[in-house]
Amino acid sequence: MADATQTKGATARRVRKAVLPAAGLGTRFLPATKAQPKEMLTVVDKPQIQYVVEECVVSGIEHIIIVTGKGKNSIEDHFDYAPTLERFLEEKGKKEQAALVRRISDMVQVSYTRQKEPLGLGHAVLVAKDLVGDEPFAVLLGDVLIPGENPATKQLIDVYAATGVGAIAVEEVPKEKTHLYGIVDGEPAPQAPFGARLLRIRDLVEKPRPEKAPSNLAITGRYVLPPQIFDCLERTKPGAGNEIQLTDALRILAQQDGLWAYIYNGISYDAGDKLGFLKATVEIALQNKELGGDFREYLKSLKL
Ligand code: G1P
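Position one of the sequence shown corresponds to residue -13 (our numbering), numbered consecutively onward.
The structure is reproduced here in structure tokens:
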């Protein structure tokens, strides 16, 4: 890894782009996702994908590439201008709401490309190859919400900027849940200013049973990767679930160029299944400036 660190210049380390895979069918959320994308399910007052786009913006990303599929047009509409709605709100004197709606479209540049077949997360990232080009980029999975001012993506970008080596966010999960995540085998590689949060990845396994898991450090769904990942993806054969797994391509990358696991600082909400979605909704509502106080009182009044 030291060699890679020395050969990369500061410009080559600037992370300007992010890929958001959003082509999945959302089968864990039926029937809600029968006719609407899971990325558009609302947590408190925003669709899930807006939280993820906001994480990109807070992290300094300038250009987001959303990988969509059939039935996902409402995502494009959400980040587009809405002249009729804006004019209507202006005419009714609802200037703040009009500005709120406009801000969503002005946040950042967004491009779209489509994954024509559901061949896996790795394949979805590969579909963005031409739009990313020859530069490092972030990947954010929409099921995981990390609100706040210093989200995991920002922390990974700092690791990449300092080392020139790709980094993925990890967090501890209960041992009996390893089969739900990509799991890393990492050795401590403390270095300033990241300290003991930084691990050098020896290997990664996608969704191992607890007895086969090399650790309980799970991939959170945030990655900052060099463009070499695309060659790795092209060499990756279908793996778990007969899909082209990003985790399998990361194994190749880790062996070839090195890869960090970073125990990020913060809290993530897994909104990918029904219970996780409910927990995310409650916790994010409690933090909401307008609703939090009243909502807390309401929860207390339930006397469960
Ligand atoms: C994906 C990744 C997995 C990661 C997880 C995080 O799995 O393949 O490595 O741990 O996201 O949410 P999925 O949840 O899409 O099955």
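We treat Cβ as the ideally placed atom computed from N, Cα and C, and that holds for glycine. Here the structure is a predicted model, which means the values were calculated and not measured.
Tell me whether residue i sits in a helix, a strand or coil according to DSSP, three-state version.
i        : result
GLN177   : strand
GLY278   : helix
ILE230   : coil
ASP66    : coil
ASP(-11) : The predicted model places ASP(-11) with a pLDDT of 47, which falls under 50 and marks its position as unreliable, so this point remains unresolved.
TYR250   : coil
LYS301   : Past the boundaries of the shown model lies residue 301; the chain is included only from -13 to 290, so the question cannot be answered.
ALA124   : strand
LEU16    : coil
ILE52    : strand
ILE47    : coil
ARG0     : coil
LEU131   : strand
TYR167   : coil
Does at least one heavy atom of the ligand G1P sit under 7 Å from the Cβ of residue i?
i      : result
ASP234 : no
TYR250 : no
VAL38  : no
ARG127 : First, the amino acid is wrong: residue 127 is Leu here, not Arg. Indeed, a heavy atom of the ligand G1P lies less than 7 Å from the Cβ.
ILE50  : no
VAL5   : no
GLY168 : yes
PRO231 : Pro is not the amino acid found at residue 231; the sequence shown has Gln there. True, at least one ligand heavy atom lies under 7 Å from that Cβ.
THR206 : yes
VAL118 : no
LEU184 : no
LEU261 : no
LEU16  : no
GLY258 : yes
GLU192 : yes
LEU142 : no
LEU112 : no
LEU107 : yes
VAL53  : no
VAL210 : no
VAL1   : no
VAL44  : no
VAL130 : yes
So residue i is in the alpha helix (DSSP H); what residue range does that whole segment cover?
i      : result
GLY207 : Careful: GLY207 lies outside any alpha helix (DSSP H), inside the beta strand (DSSP E) at 203 to 211.
VAL87  : 81 to 92
ALA266 : 260 to 273
ASP217 : 215 to 220
ALA21  : That residue, ALA21, is in no alpha helix (DSSP H); it is neither H nor E in DSSP.
VAL145 : 138 to 149
Where residue i and residue j are concerned, what is the direct C-alpha to C-alpha distance, given to the nearest angstrom?
i        : j      : result
MET26    : ALA257 : 12 Å
GLU48    : LYS58  : 22 Å
ALA(-2)  : GLU121 : 7 Å
GLU77    : LEU107 : 44 Å
ALA84    : ILE90  : 10 Å
GLY262   : ARG2   : 30 Å
ARG188   : ASP92  : 41 Å
VAL191   : GLY12  : 23 Å
THR(-7)  : TYR37  : In this prediction, THR(-7) scores a pLDDT of 47, lower than 50, which makes its location untrustworthy; the coordinate-derived value is nonetheless stated afterwards. Taking the straight line from one Cα to the other gives about 35 Å.
ASP66    : VAL94  : 11 Å
ALA(-10) : ALA175 : The predicted model places ALA(-10) with a pLDDT of 48, which falls under 50 and marks its position as unreliable; any figure quoted below should be read in that light. Near 16 Å, if we compare the C-alpha coordinates of ALA175 and ALA(-10).
VAL156   : GLN214 : 21 Å
LYS198   : VAL159 : 15 Å
PRO212   : GLY152 : 6 Å
Check whether the Cβ atoms of residue i and residue j sit closer than 8 Å, and answer yes or no.
i      : j      : result
GLY172 : LEU185 : yes
LEU298 : GLU229 : This structure gives no information on residue 298, because the portion of the chain shown stretches from -13 to 290.
ARG221 : ILE205 : no
LEU316 : ALA247 : The question about residue 316 has no answer, for the chain in this structure spans -13 to 290.
PRO133 : GLU162 : no
GLN101 : VAL53  : yes
GLU62  : LEU126 : no
LEU245 : ILE154 : yes
ALA271 : GLY279 : no
SER287 : ALA138 : no
LEU166 : ALA266 : no
ILE143 : VAL96  : no
THR322 : VAL113 : For residue 322 there is no data in the structure shown, the boundaries of the chain being -13 and 290.
Please list the terminal residues of the continuous beta strand (DSSP E) segment that includes residue i.
i      : result
LYS3   : 3 to 7
GLN95  : 95 to 100
HIS109 : From DSSP, HIS109 is part of no beta strand (DSSP E) but of the alpha helix (DSSP H) over 107 to 113.
THR184 : Checking the sequence shown, residue 184 turns out to be Leu, not Thr. 184 to 192 is the span of the beta strand (DSSP E), which, as asked, contains LEU184.
ALA155 : 153 to 158
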